[in-house]
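Colleague: Using our numbering, the first residue of the sequence shown is number 207, and each one after it goes up by one. Built from N, CA and C at the ideal position, the CB exists for glycine as well. This one's a predicted model, so the numbers in the text were calculated from it and none came from an experiment.
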Amino acid sequence: MRKPIDSAIFLAACTALLYSWSTANYHGFLIAASLDSDMMERSFHQVIYGGLIISFGPIILMLIVASLSLFFWSHAVLPSYIDWVRGSIKSKRRVIKIRRYWIGKRVSSGIEDQEKRRFNRVALYSLAGMAFILSLVYFENKGQQQAKEIIDRHMANDNSPGSMVTVLINKSEKKLRYLGCGAKNCAGIERNTNKVYYFSQSSGYSFTYTRKNVTSASNG
C-alpha cells in the first residue's frame, strides 16, 4: 500500500512551483520592458497570485490532454491490443518474441532489480527536473512576449484610454502608458518622449477613460 503524500509537503511544493513560475514570468517581463527590478519588487502575495494566474491556463490544458490521452488509451488502444493478442497464437508468439528481444530470457537477481528500481527513480527525478527548467523558460518567454506586445503597441501609438494613467511626478502631471506595479512602486512610459517613470503607489494614480456621448432617443 502506497504511503499518502503529506499535505504540508504537497502545499509547499505547489507554493514553490507558483513562486518560481511567477518569478520567471515577471523577470522576463522586466527584462523586455527594461524596468528596474529593485524599483518593481513585488510582495510574496503578489508573486504567488501572479503564479496562480499565469499557470491556470497551461495546467488546465495539460489536464485536458492527459485525460483525453488516458481515455483513448484505456478505451481504444488497450482493448484493441488485447483483442489482437487473444485473437491467434501467432500474435501471442509475436508479442513474446518482441518482449524477449527487449528484456531477454534471463531472470534478474534481487540486487539487479533493486538497482533497476533505483535507476528508474533517478530517471524520473531527472525528467521532473528537466520539465521544471523548461517550464521556467516557457514562463519567462511568456513574460517577455507580454512586455514586447505592450511596448510595440505604445511605440505604434496604439494606447487605449484604459491603458493610460495620470500621475503627479515632481508636481507635474504626467499621462503615462501603464506598465505595472510592484509592492511599493509603479511604472509607466510617456507617450511622446518614451521615458519610463517610476512613481510610488502612495502618491496615487488614476486611470483615464474617454467618455462617450450618449444621444437620447427622440420621442414620437
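DSSP three-state label for residue 393, please.
Modeller: Here residue 393 sits in strand by DSSP.
Colleague: Name the one or two DSSP bridge partners that residue 379 has.
Modeller: Residue 379 pairs with 374.
Colleague: Kindly indicate the opening and closing residues of the beta strand (DSSP E) around residue 249.
Modeller: Element bounds for residue 249: n/a, residue is neither H nor E.
Colleague: Let me know if residue 361 comes out buried or exposed under the rule of 16 or more other beta-carbons within 10 Å of its beta-carbon.
Modeller: Residue 361 comes out exposed.
Colleague: Can you pull the DSSP bridge partners for residue 402?
Modeller: Residue 402 is bridged to 395.
Colleague: Is residue 386 helix, strand or coil by DSSP?
Modeller: Reduced to three states, the DSSP call for residue 386 is strand.
Colleague: Suppose contacts are defined by Cβ-Cβ distances below 9 Å. Is residue 388 in contact with residue 235 by that definition?
Modeller: In this structure, residue 235 does not lie closer than 9 Å to residue 388 by Cβ.
Colleague: If you reduce the DSSP assignment to three classes, tell me which class residue 334 lands in.
Modeller: Helix.
Colleague: Indicate whether the contact test is met: 3 or more Cβ pairs, each with one atom in the stretch 390-397 and one in the stretch 237-247, closer than 8 Å.
Modeller: Yes, since at least three Cβ pairs between the stretch 390-397 and the stretch 237-247 fall closer than 8 Å, the two stretches touch.
Colleague: Spell out a yes or no on whether the stretch 256-270 and the stretch 221-235 are touching, meaning 3 or more CB-CB pairs, one atom from each, closer than 8 Å.
Modeller: The answer is yes - the stretch 221-235 touches the stretch 256-270, with three or more Cβ pairs under 8 Å.
Colleague: Would you mind listing the alpha helix (DSSP H) stretches within the stretch 259-301 that are 4+ residues and don't spill past its ends, in chain order?
Modeller: Runs found: 284-293.
Colleague: Quick one: Cα of residue 249 to Cα of residue 344, how far?
Modeller: If I take the Cα positions, the gap works out to 23 Å.
Colleague: Determine the burial state of residue 398: buried for a count of at least 16 other Cβ atoms within 10 Å of its Cβ, exposed for fewer.
Modeller: With fewer than 16 Cβ atoms within 10 Å of its Cβ, residue 398 is classed as exposed.
Colleague: Grouping DSSP H, G and I as helix and E and B as strand, with all else coil, what is residue 408?
Modeller: Helix.
Colleague: Please report the distance separating the alpha-carbon of residue 260 from that of residue 351.
Modeller: Their backbone Cα atoms lie some 13 Å apart in a straight line.
Colleague: Less than 9 Å between the C-beta atoms of residue 370 and residue 381, yes or no?
Modeller: The answer is yes: Cβ separation under 9 Å.
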